[in-house]
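Here is the structure we will look at.
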Amino acid sequence: MTAETVLAGRYVLDEVIGTGGMGRVWRAHDPVLGRAVAVKEVLAQPWLGADRWQQTLREARAASRLRHPNVVAILDVIQTDRPWIVMEYVPGRSLHEVVAERGPFDPDETARLGLEILSALDAAHRAGILHRDVKPQNILLADDGRVVLTDFGLAVAAEGGVTIPKQVLGSPDFVAPEFARTGASTVECDLWSLGATLYALVEGAAPYHRPSVVATLTALAAGPPDPLRRAGPLAPVILRLLDRDPGRRPNAVETRQSLEAVADGEPPRRAPAPGSRGRLARVGRRLAGQHRWRVVLAAAGALTLASVGTAAAVALPADEPAPGPPPVHACLNAAPQPGATAPSGGTGAFALPPGWRWHTDQTGFTVAVPATWTRFQAGDAVCFRDAIGVRTLAIDPAVTPTADPADLWRQAEPDVAGRPAYTRLRIGPVRAAEGGAEWEFTWSGKHARRVTVTTDAGRAYALSWFTDDKAWPRDQELFRLVLSSYRGVS
Numbered sequence: 005m006t007a008e009t010v011l012a013g014r015y016v017l018d019e020v021i022g023t024g025g026m027g028r029v030w031r032a033h034d035p036v037l038g039r040a041v042a043v044k045e046v047l048a049q050p051w052l053g054a055d056r057w058q059q060t061l062r063e064a065r066a067a068s069r070l071r072h073p074n075v076v077a078i079l080d081v082i083q084t085d086r087p088w089i090v091m092e093y094v095p096g097r098s099l100h101e102v103v104a105e106r107g108p109f110d111p112d113e114t115a116r117l118g119l120e121i122l123s124a125l126d127a128a129h130r131a132g133i134l135h136r137d138v139k140p141q142n143i144l145l146a147d148d149g150r151v152v153l154t155d156f157g158l159a160v161a162a163e164g165g166v167t168i169p170k171q172v173l174g175s176p177d178f179v180a181p182e183f184a185r186t187g188a189s190t191v192e193c194d195l196w197s198l199g200a201t202l203y204a205l206v207e208g209a210a211p212y213h214r215p216s217v218v219a220t221l222t223a224l225a226a227g228p229p230d231p232l233r234r235a236g237p238l239a240p241v242i243l244r245l246l247d248r249d250p251g252r253r254p255n256a257v258e259t260r261q262s263l264e265a266v267a268d269g270e271p272p273r274r275a276p277a278p279g280s281r282g283r284l285a286r287v288g289r290r291l292a293g294q295h296r297w298r299v300v301l302a303a304a305g306a307l308t309l310a311s312v313g314t315a316a317a318v319a320l321p322a323d324e325p326a327p328g329p330p331p332v333h334a335c336l337n338a339a340p341q342p343g344a345t346a347p348s349g350g351t352g353a354f355a356l357p358p359g360w361r362w363h364t365d366q367t368g369f370t371v372a373v374p375a376t377w378t379r380f381q382a383g384d385a386v387c388f389r390d391a392i393g394v395r396t397l398a399i400d401p402a403v404t405p406t407a408d409p410a411d412l413w414r415q416a417e418p419d420v421a422g423r424p425a426y427t428r429l430r431i432g433p434v435r436a437a438e439g440g441a442e443w444e445f446t447w448s449g450k451h452a453r454r455v456t457v458t459t460d461a462g463r464a465y466a467l468s469w470f471t472d473d474k475a476w477p478r479d480q481e482l483f484r485l486v487l488s489s490y491r492g493v494s
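Residue 197 in the working numbering sits at position 193 of the sequence shown, with consecutive numbering throughout.
This is the structure we're talking about:
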């Protein structure tokens, strides 16, 4: 099969981007809709006869009815000499990759991730669909801010439990004990796998991980999971999900309540361990390691870049224990509060992407943000943060203009210049009819860009954006969407 193969006269297969026990995944192009898609090719298996292939197609069609922001969408199901499943292409990194690169998550971060994964699983279970392979490798941190459960195309219908040869599907590190014994999959099996996934996210390894498959399955059959050392308040819910008796495991409602209790607690604030060098001392610390924060602003519609006086400052997470440089923006030091939301609205001048929502703030501005982001307040600033604390948008809707906006950034610079490895990249004007200025700088592996903005009516505001530097090339489209959607106070 060549890279130019066209599937069903429509989907142009470009390159293989993943392989697994059931087949491989292609990145493809759909010229009809003009977008990238992912295509799963289900390869021949000794146990997968014609009847089972037909069942795979039926199950994929059933999964295609799921429409949920935390579930990768199945767009088409095709049968040639083997099944093909066309899915939403979701650029991003798997949780497995993030943990391998940056280390485990903190308990509150893990709880927030768990809520997103549970939401996807619960939606599937309510639709009568089992996933059967919940694990960090099948959960993406998407570039659009979502936490997405993938590989629903090979899920099975939840009708009294389904038995499939257990040597084929599922990772030994994340399969429930009863599945390892019998090959029968149930809702309770999926919840056990969720517990094992949460364990791996917070501890850095699966609960029964051993050097070989045989050793892992032996440990799974023999006794309790390895001791939890980092889970803290998350430990009780993980251990309940990992109960060997399926009947004693919590259901989705109980699990959600337990995870919410952990997620809503104060984020752990502890000094960096010796040698950690720059790990963030707040939500997102272990996820991104050394972040570079960046802010991008684009004029849209009637908005123009202009001068600002008291502009929104960019918050820098404290890399060192107090005392230290003061924070420059409250949004990065504040924790979202439960239920911190505001009315939603919209505008006909901007096409809202799938999985996004309009937010009309009580202060008067309107902006489009990913639906899973949380809105909270930090002083006069309005803040939005993604589900795992990596991306933060700060909006100061009303600031005081000054004659030279570049002076604003020069005056603010001393608060940041004391940070380790601070380097100014630029302070200067930006191209705009009414003027404006930006400040771009780096420090300790982080990156920030700050821009001041005004409307035609002369009302000034400032937007700040923070993200992982490694995600910056992929995040630019996300930034463009958010910033082009912004409508200031009239």
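Heads up, the beta-carbon is just placed ideally off N, CA and C, and yes, glycines get one too. Small disclaimer: the values here were computed from a predicted structure and weren't measured.
Residue i versus residue j - alpha carbon distance
i: L356; j: E120; result: 21 Å
i: G313; j: A382; result: Reliability of the predicted coordinates at G313 is poor, the pLDDT of 29 falling under 50, and the value obtained from them is presented with this limitation in mind. Approximately 19 Å between the Cα atoms of the pair.
i: P250; j: V102; result: 30 Å
i: Y490; j: T364; result: 10 Å
i: A117; j: R150; result: Looking at the sequence shown, residue 117 is not Ala but Leu. Taking the straight line joining both Cα atoms gives about 10 Å.
i: S488; j: R71; result: 26 Å
i: A66; j: Y15; result: 21 Å
i: P108; j: A12; result: 42 Å
i: F354; j: F388; result: 19 Å
i: T84; j: S98; result: 30 Å
i: V218; j: A204; result: 19 Å
i: L125; j: V152; result: 11 Å
i: R530; j: R244; result: In the structure displayed, the chain extends from 5 to 494; residue 530 sits before or after that span and is not available.
i: G187; j: L221; result: 13 Å
i: P418; j: R453; result: 16 Å
i: H451; j: G422; result: 15 Å
i: R185; j: L145; result: 32 Å
i: C335; j: D384; result: 10 Å
i: E92; j: H33; result: 11 Å
i: R428; j: V420; result: 10 Å
i: A180; j: D194; result: 8 Å
i: P409; j: E444; result: 14 Å
i: P231; j: A225; result: 16 Å
i: E264; j: N255; result: 14 Å
i: A235; j: A64; result: 35 Å
i: L61; j: D80; result: 10 Å
i: R361; j: V41; result: 23 Å
i: I78; j: L246; result: 30 Å
Proximal residues to residue i (C-beta, below 7 Å), its chain only, five neighbours per side dropped
i: F178; result: V138, K139, S197, A200, T201 and A210
i: V486; result: V371, A372, V373 and L397
i: G269; result: D112 and P237
i: T114; result: L202, L205, V206 and L238
i: G22; result: R28 and V29
i: A267; result: D112, A115, R116 and L119
i: H100; result: P140 and Q141
Outcome for residue i when other beta-carbon atoms lying within 10 angstroms are tallied against a minimum of 16
i: L412; result: buried
i: T456; result: buried
i: P558; result: Outside the displayed span of the chain (5 to 494) sits residue 558, for which this structure offers no information.
i: E105; result: exposed
i: P405; result: buried
i: T376; result: buried
i: R69; result: exposed
i: S216; result: exposed
i: P73; result: buried
i: R414; result: exposed
i: R289; result: Below a pLDDT of 50, predicted positions are generally treated as unreliable, and R289, at 30, falls in that range; no measurement from the model is reported.
i: R233; result: exposed
i: L467; result: buried
i: R430; result: exposed
Distance cut-off 6 Å: residue i Cβ against heavy atoms of the ligand ATP
i: I399; result: Annotation note on the ligand ATP: not contained in the displayed structure, which lists no ligands.
Neighbourhood of residue i by C-beta distance below 6 Å, restricted to the same chain and skipping five residues each side
i: R28; result: V20 and E45
i: N142; result: T154 and D155
i: P401; result: T367, F369, Y465 and V493
i: S175; result: K139
i: V386; result: D365 and I399
i: D390; result: G149 and W377
i: R86; result: V46
Beta-carbon proximity list for residue i, same chain, < 8 Å, skipping 5 on both sides
i: R39; result: H33 and Y93
i: G432; result: A410, A441 and E442
i: P240; result: S262
Any alpha helix (DSSP H) of 4 or more consecutive residues that is wholly inside the region 410-457: The qualifying runs are 418-421.
Ignoring anything shorter than 4 residues or poking outside the region 65-121, list the alpha helix (DSSP H) runs there in chain order. 99-106
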